[in-house]
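Worksheet: one structure, shown below.
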Amino acid sequence: MTQFIERKVRADLDLEDLENFCGTVQNMSVCKLIRISKKADEANGKKFNLAIFEEVDLMDDVPKPGLKKVGTGDDISEIISKQLANGKKFVFDAVIFVENADARVLGFR
Amino acid sequence: MSNPKSFYTLAIVTLLFILCAEARPQVGDTTVVRVIRAGKPIGLRDALTDRKGRRVLLLDTNEVVELSVESGVEIETSSDNSVRVLDNKYLVGLAPGTDTIIRFRNSSGDELGVDGIADLIVAVEDVDAGRPIVAESTFLSYKVVKDNFGKKFAQTFFVVQVDIRNEKLDKQFIVQNVSVIIDPNQCIGAREIYSNFDQDDCLTIFDTHFVYPTAQFGTRSEEVLGTGKADLNRSNRNVGFRILEFSAAMGTVLSGFNGVLGPDGVKGMNVLGTTVSAAANRLFPNTADDKFESLRKAQLSEDMIIKSKESRTINIFIPADRIFYDESWKMYIQPARSAKVDSYKFKVALDMLLLSTATGVLVDNDAPKVEVRSGDEVANQVTKFGIKNLLRLAYTQSTRVRELRRQLFREATSADVAVKSAAKPKLIRALSLMQQAAAADNAKLELSPPIAFVATEGPEALARKLEAAIRSAVSNAESEADLTQVTAEILRILEEAVKE
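This is how it looks when you write it as structure tokens:
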């Protein structure tokens, strides 16, 4: 049965930090990132991101996640097709916290 | 029948009452308030921040925020001691840690709602939060190391001096982890400071002499002392005292930390200040062996504490063979008088690319030490300082961890009997080291359930237990800082385990 791992991630990290954090979790917990979503702690309202990973086999090769921020006026299909052309796989499209602010982010692997 | 005159009088009075009532704003009427940020007005709602489930306007102590309100609207504070209103225009944060309600009233004194917000809550925060912890590093030249510690020592260790400055006003910084990295990204960053900087030349120096941006931690205390001892045995000069004196004068000796934590579990951050040096003088004036034994004991297992507005210097001893090879070594040891431009450029690049990272926790100046070591609350205060470098480093280390795990697993499940049996002692070593790391007082790893294994178990079973232990340690590392520590510790254990 597929096992999922959830990790809370600080809301103030930038995209590079998020990539490194998720990449470290992937390597250490032997899993792959499948989704990040923004959350707020019910008790204290503190915001954070929730990264969800799916366990994989130790011998599986899981590339480091690549996160791309979608800016105003950016053509999403162009971003995705560029990444696909580079051999990346599209994983998710979500609005998450990047440096404490909402940002639409596309996740690739 | 009613009197028509009275009827009209009543109607007029009623109409006038209605008109007057409408002209006079009531509680629940609204006004528009904007916050001026960088000279531009933004809606109040957009200026608020989520804090403990409430939307508040955050102010640092002594921070002034300008509000733009409609003509005739008065701004009123519920606590003049917490947030003061100046010229009906500015809010000034006064008392950190306090919340104040700001109300808006019309000229008749009626309270007005703002953009759907009943009460504007202003939270005043500690200005200290923005003051950084700064780490700066430089390397000591070969000559300085040689003069202070002797030739053998200088040929064995590359010494990096890290200066950690705590600029916070009322918080002390407890250093838990210091590492240095030779980072080629600095070549790219230097362009922003000096436009004519030759980025390619810099990267070529890196590629030629350092190859990979591997993070380095200080070496284990035993090894530093061992090298000092070897030198002492050949020399009449007392290297041990030179280490002490040097450390007292120039900073402290950092060794055996995090990624290189000794198997005895002794935390390697050593506080060798003048007190220790003086005590050591009394303790071991005679034999070399005693001196080293005392020096070892003098390496306290305490955390290093940097009080507010103070700085400490740490010397990190990195085995020279982890930094240099023959060509780069020649450049490093070349004295200035005979150095060619290549050697000079090499040293400048090395100094520029050398980055240090210190992580730890921030606690109030008067916080009892026991609180520092225990609660999650303190753990949550892990400083943001250096998180970028930490996460970069953690990713690099985790990639190596994964390679080593795969290697061990492949060997443990190999069809080749010789390979399989060779894997067994490595796995037992790894599991034992994991157990020791989890049992140490200053445990970096938390294993639940604890590892239980017997040496008679087969390699496959041991490999599965090692995998389970690593995953347990990782899942118990909740914060980003914890994860980086666990990653470094597991890397140390696996590298130690696979060592021939």
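Line by line, the protein sequences give chains A and B. Going by our numbering, the first sequence wraps up at 109, each residue one higher than the last. Going by our numbering, the second sequence wraps up at 609, each residue one higher than the last. Quick reminder that beta carbons are idealized off the backbone N, C-alpha and C, glycines included. If you're wondering where the values come from, they're calculated on a predicted model, not measured in any experiment.
Check	Outcome
Local Cβ density within 10 Å of residue 42 of chain A, reported as buried at 16 or more and exposed below that	exposed
Per DSSP, the bridge partner or partners of residue 50 of chain A	A:8 and A:37
is_contact[residue 39 of chain A, chain B] using C-beta, thresh 8 Å	no
Residues in the stretch 168-184 of chain B having any Cβ partner in chain A nearer than 9 Å	none
Rounded C-alpha distance that separates residue 109 of chain A from residue 155 of chain B	34 Å
Local Cβ density within 10 Å of residue 293 of chain B, reported as buried at 16 or more and exposed below that	buried
With 16 other Cβ atoms within 10 Å as the buried cut-off, status of residue 457 of chain B	exposed
Proximity of residue 205 of chain B and residue 234 of chain B at Cβ, strictly below 8 Å	yes
Amino acids of chain A, ordered along the chain, whose beta-carbon sits closer than 8 Å to that of residue 161 of chain B	44, 45 and 46
Buried versus exposed call for residue 29 of chain A [16 or more other C-beta atoms within 10 Å across all chains shown]	buried
Coarse secondary structure for residue 573 of chain B, derived from DSSP in three states	helix
Partners in chain B for residue 81 of chain A, counting only beta-carbon separations shorter than 8 Å	Ordered by position in chain B, no residue passes the 8 Å Cβ test against residue 81 of chain A, which lies about 27 Å from the chain.
Residues that DSSP places opposite residue 202 of chain B in a beta bridge	B:192
Residues of its chain near residue 22 of chain A, where Cβ-Cβ distance is below 6 Å and the 5 sequence neighbours each way are ignored	33, 51 and 65
Where the stretch 564-580 of chain B meets chain A: residues whose CB sits under 9 Å from a CB there	576, 579 and 580
Cβ-Cβ distance between residue 580 of chain B and residue 58 of chain A below 8 Å	no
CB of residue 198 of chain B within 8 Å of CB of residue 176 of chain B, strictly	yes
Neighbourhood of residue 263 of chain B by C-beta, 7 Å cutoff - its chain only, sequence neighbours within 5 removed	251, 254 and 255
Span separating the alpha-carbon of residue 215 of chain B from that of residue 164 of chain B	24 Å
Under 9 Å by beta carbon: chain B residues contacting residue 58 of chain A	511, 514, 515, 518 and 576
Minimum Cβ-Cβ distance from residue 584 of chain B to chain A less than 8 Å	yes
Presumed contact (8 Å Cβ cut-off) between residue 201 of chain B and residue 192 of chain B, rounded CB distance	7 Å
Pair within 8 Å by beta-carbon distance, residue 554 of chain B and residue 546 of chain B	yes
Close beta carbons around residue 19 of chain A, own chain, < 6 Å, minus the five adjacent residues each side	65 and 67
Rounded C-alpha distance that separates residue 575 of chain B from residue 438 of chain B	39 Å
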